[in-house]
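Reading the sequence shown from the start, the letters are residues 66 to 430 in my numbering. Quick notes on the structure that follows.
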Amino acid sequence: MSPQTFTADPSPSALSVQLGPLRLSSPAILAPLAGYTDSAMRRLCRRHGAGMVFSEMLSGEGTRRSSEKTFKMAAFHPEERPYFVQFFATNPEQAAEAARKLSELEPDGLDLNFGCPVRKIIFNQGGSALLRDVPLLARIVEAVVKAAGVPVSVKMRSGWDHRSLNAVEIARAVADAGAAWVTVHARTRSEFYEGRAHWEWIGEVKAAVSIPVVGNGDVRRAQDAVRLMDFTHCDAVMIGRAAIGYPFIFREVNHLLQHGQPLAPATPRERCEAARQQLQWMAEERGERRAVLEFRKHLLAYVRGLPGSVRFKTEAVTLEDADAVMNALRGFVASLPDEPIAPPWPTDNPMVEGSLTEPRQDSAL
Ligand SMILES: Cc1cc2nc3c(=O)[nH]c(=O)nc-3n(C[C@H](O)[C@H](O)[C@H](O)COP(=O)(O)O)c2cc1C
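Below, the structure is given as structure tokens:
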């Protein structure tokens, strides 16, 4: 794999990228994150320059049974488009029925999850369990492509473990089955979210298939996104943990791609305003009380790395109404100089500080 040299291009169209039938305004995409990427977070990331967004992973079985909870999780605001609903399925019939029902919501597309490492999902032969059964995985993709009235993409890991690295085989199978593109999270199931992502595995898939390839894993700063694209020649990059409490990552990637120079990080006041907006949208969608509780984990991420944040966090997580939370955040931010402050994780060794957050083992599916 030969790295390409990145060249900045200031024209706005230089950012746009074709993923199958979709024209995106940016190659920086928000990853699906169970427990995080609800409508409010997706909308905020689109406003800050994400090229497209994904729902949290839904259950194909829940969708097939028309579970109210599942359909609530799939609902979206028009500002989120392009928006794909992600789900996992364990067999082609269930997958096709789920795809038909989800297509009725008119998302821009559907994404099939073959990467989830959580035991509960694996136990039911879903998520990354299917990496060990490529023929079944391919039949699921084929069934969804046939049933869905919208484009279908696939998100996968590089294999079950280091002894069974089959990302290239799977990518070829899903391309043959009609997927519009494939996203590769460059870790095996056994690695969960630990260690560094193996970007070279993304490059191998890119070299092997003609459908677009989205690279994913350990993009923490704008520079990482550019390096990942340079190193693997992938068509777009998907950003997960780095976008939690920091939607600005997307505008930073876009700026670097366009101008070749890093954009200054967000100031504490900008972080505060983004947090306010996110909490407001969450409250509009599910009521203030639930919104405040569910916003806590985002709030902790918004203040990460700001001087004095440890004390602020201890106080802030006890607050129960939105005004109190926002007043506390404004008060905290007012005590800081309003200068750009980069998020705390280092660029070239992203996992040194450990994961920002781990997926919940019992995420609401
Ligand atoms: C809290 C959390 C929840 C996640 N939920 C999902 C999910 O619902 N669907 C999915 O395909 N991947 C999920 N992932 C994996 C991410 O989409 C992504 O592949 C992974 O975090 C690596 O990217 P990053 O280093 O940019 O975070 C989740 C990861 C985390 C940390």
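Where is the CB? At the ideal position from N, CA and C, for every residue including glycine.
Just measuring C-alpha positions, the residue of P86, A308, V206 sitting nearest N156 is V206. With a cut-off of 7 angstroms, the C-beta of H250 is classified as near ligand 1, since at least one heavy atom of the ligand falls inside that distance. Taking non-hydrogen atoms of ligand 1 into account, the C-beta of P97 is found less than 7 angstroms away from one of them.
Look at M122: its beta carbon is less than 7 angstroms from one of the heavy atoms in ligand 1.
The C-alpha of R334 lies about 10 angstroms from the C-alpha of A340. Taking one beta carbon from each stretch, the segment 262-272 and the segment 85-94 have fewer than 3 pairs nearer than 8 angstroms; the two do not touch. Listed in chain order, the non-local C-beta contacts of R146 below 7 angstroms within the same chain comprise D173, local neighbours out to five positions each way being set aside. The continuous beta strand (DSSP E) containing N178 extends over residues 174-179. Cβ neighbours of L293 within its own chain (closer than 7 angstroms, five residues either side excluded): W264, G280, V284, C299, V302. In the three-state reduction of the DSSP assignment, G280 falls in the strand class. The beta strand (DSSP E) runs of length 3 or more contained entirely in the segment 121-182 are, from start to end of the chain, 148-153, 174-179.
CA-to-CA, the gap between D103 and P408 works out to about 22 angstroms. Under the three-state reduction of DSSP, G243 is assigned to coil, being neither helix nor strand.
Here A164 has L175, V209, A212, A213 as same chain residues with Cβ atoms under 7 angstroms from its own Cβ, once five neighbours each way along the sequence are excluded. When rounded, the separation of the alpha-carbon atoms in G243 and P97 is 21 angstroms. Here E259 is exposed: its Cβ has fewer than 16 other Cβ atoms, across all protein chains shown, within 10 Å.
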